[in-house]
Structures are given as C-alpha cells and as structure tokens.
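Going left to right, the sequence shown walks through residues 80 to 369 as the working numbering numbers them.
Reading through the structure tokens given below for one structure.
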Amino acid sequence: MKKVLFISLLSLSLFSCDRFTEGVVRDIDLPEHEPKLVGSLLADASDTTLVAIVSKTKGLLDTGNDVLLENALLNLYLDNALLYSWDTQDPMMGYYNRALADTLGAADGTFKLEVQHPDFDPISATDKFPSKAVVSNATIDRGGASMFGMSMDEFTISLQDIPGENQHYIITLEYSEVNDPFWYDLDINTDDTRAQTLSFGSALLLSEGGIDADLNLTFTAFLDSSPFPDDIQYRIKVKTLSQAGYFYYTSIQNYEQAQNNPFSEPVLIYSNMEGGYGAFILSQTAQVHL
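Have a look at this one:
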C-alpha cells in the first residue's frame, strides 16, 4: 500500500512539474490609461524662488522618457487672495520658477496651489505653515564617535515643544572650512529609533508622534575631522514640516527602502492634490551654527 501511495504521489508530482514547465498563457486586457495632471511645489518660508514641477501620469505600458509638461500656469493663493501667478519654465531643467522680491515668509492662513494646463482639468492643494522649530540647545562632541577607524564628531540637539502642535522635523547637517564661503552637505546617522533616514543618509526625519514633549536627538556626522578639528565649522538645519509634509516625506522614506527589494510591497508617494497627483508642502527652517 505504501509503494502504491508513493508511486501515485511521484506521478502526481511529475505531472504537475510538466504542466508547470509548459506554462499557462492568458490574455489579459489592461484598461486604457487616462493621464492625470501632476503638480508639485515644496516651499520653505526662507525661499526666494518658487520652484514647481508639472507633469502627467503614465500608463504601465507607456514607453519613452518622462517629459515635463509645457504651457502650464501656476497660481498661489493666501486665503483665496492671489499672491503669485507664473508660467515661466526653465528651458534646461523644465521646472517652473518664480523669483520673489524677498523671502516667501510664513504668513498665517491657508495657502492654495492651483495648477492649470490646457489639456487637463485644473488641480489644487492647500497647506499651512507650521511653527518654526525652537532649538533650545545644540552641542558638539568633537571626536565623540568613531567608525571604520575614523574619528567623527557627535552632535546633540534639543527641540522645545510647542504645546498643542504635532511637530515634525527634517534635520540636516552642513560643514565648511574656515575662510571657505561655501557649505557642503554631510551624511548623518543616529541610533535613535524615533528617527528615520531620508535620502539614503543625508537627512533625518523626526516626529513627536502626537505627544507634547521636548525632543532630544544625538547623531553623528560621516566626516573624519581628526586631521583638522579646528578648521571645521558646522551648520545644523531643522526644517519643520506640516502634517502633509510629514506624510509626504514618510512615503519617500518607504519608497527608498523598497528599492531593489523584490519582496517589498508597492509604495505610493503621498499626494494631497485634488483632481490629480502631486504634493504641495510648506515648511519653516531654523539654523544653528557650531
């Protein structure tokens, strides 16, 4: 009886393998893709130029390079009053730029971005400026960390709570040498599990998670400063995000983690645009020099 059972299972297994190697072909009719307008503007209160991107969605089987759309018109409103309107497109990059007479500022009220294009219905999104980060303390421990045999500087920053607001931050670090007028981005790392890495290490995303409390974060710069410790100066930037901004950058972080991972689920980039896709995000940035 056991021999019969064994032979039966073997036959079934071989038969199944044959069917598997033969393959099954099915014709699946994919629905026709209807392109949607895409518009994005990430604006900080310190910006002196507005830079927007306008494009369209593509279908699964669409080929060719992504092309930014021409002939778009962008309108920025504050409490339904028009602040800026522009249609000037950079001929090299394809972005829509609008130079300002001064910084954008962080006026109270609701900002609305509207994107128009002759081939699509208009799309729009609203956002408000979050409060600027209150940096109560920032310190540097030169040579306080080491990695790969290199001596690295360690930083601790304290962010004061703003009662009643859910704060979200992006923290970046720049360095410059004495008498050098330029600043250079640095990759940073932290063991704090509350922080998420953005842009593959060039920024940290931190949120208070709805709990009113001061935040302290310690992180390390990927720079061997031991040969010239007295010649390096640092600048910490703390960008405060709106709620929409936090959702957007969290989706970016999830997308980056999913890259080159065949087992990851598809990741959708956050969109707050009504009638289409894209992100309209407002922020404020505080700086600390060390």
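Cβ coordinates follow ideal geometry from the N, Cα and C atoms, glycine included.
Treat the numbers as computed from the prediction; the structure is a model and nothing was measured.
- Here the alpha carbons of I250 and M226 stand approximately 21 Å from one another.
- Where S343 is concerned, there is no enclosing alpha helix (DSSP H), because DSSP gives it neither an H nor an E.
- In this chain, the alpha helix (DSSP H) harbouring A323 covers 322 to 337.
- Judged by DSSP secondary structure, A300 falls within the beta strand (DSSP E) whose first and last residues are 294 to 303.
- Secondary-structure assignment with DSSP links V194 through a beta bridge to L153, I202.
- The alpha-carbon of M172 is positioned some 26 Å away from that of L161.
- With a beta-carbon spacing of about 7 Å, S203 and G354 fall inside the 8 Å limit used to define contacts.
- T299 is positioned such that its CB atom lies no closer than 8 Å to that of M352.
- Pairing K137 with P114, the inter-Cα distance amounts to about 6 Å.
- Assignment of D187 by DSSP, reduced to helix, strand and coil, places it in the coil class.
- From the listed residues I311, T218, L153, the smallest Cα separation to F261 is found for I311.
- Contact annotation, P242 with D291: C-beta distance approximately 6 Å; criterion of less than 8 Å satisfied.
- Distance between R221 and N268, taken at the CA atoms: about 15 Å.
- Within the same chain, Cβ atoms closer than 8 Å to the Cβ of Q246 are found at P209, S210, A212, L238, D240, S286, E287, L294, T319, the five residues on either side in sequence being excluded.
- Membership of N351 in any beta strand (DSSP E) is not indicated, and neither H nor E is assigned to it by DSSP.
- Note that the C-beta distance between L183 and L120 is not below 8 Å.
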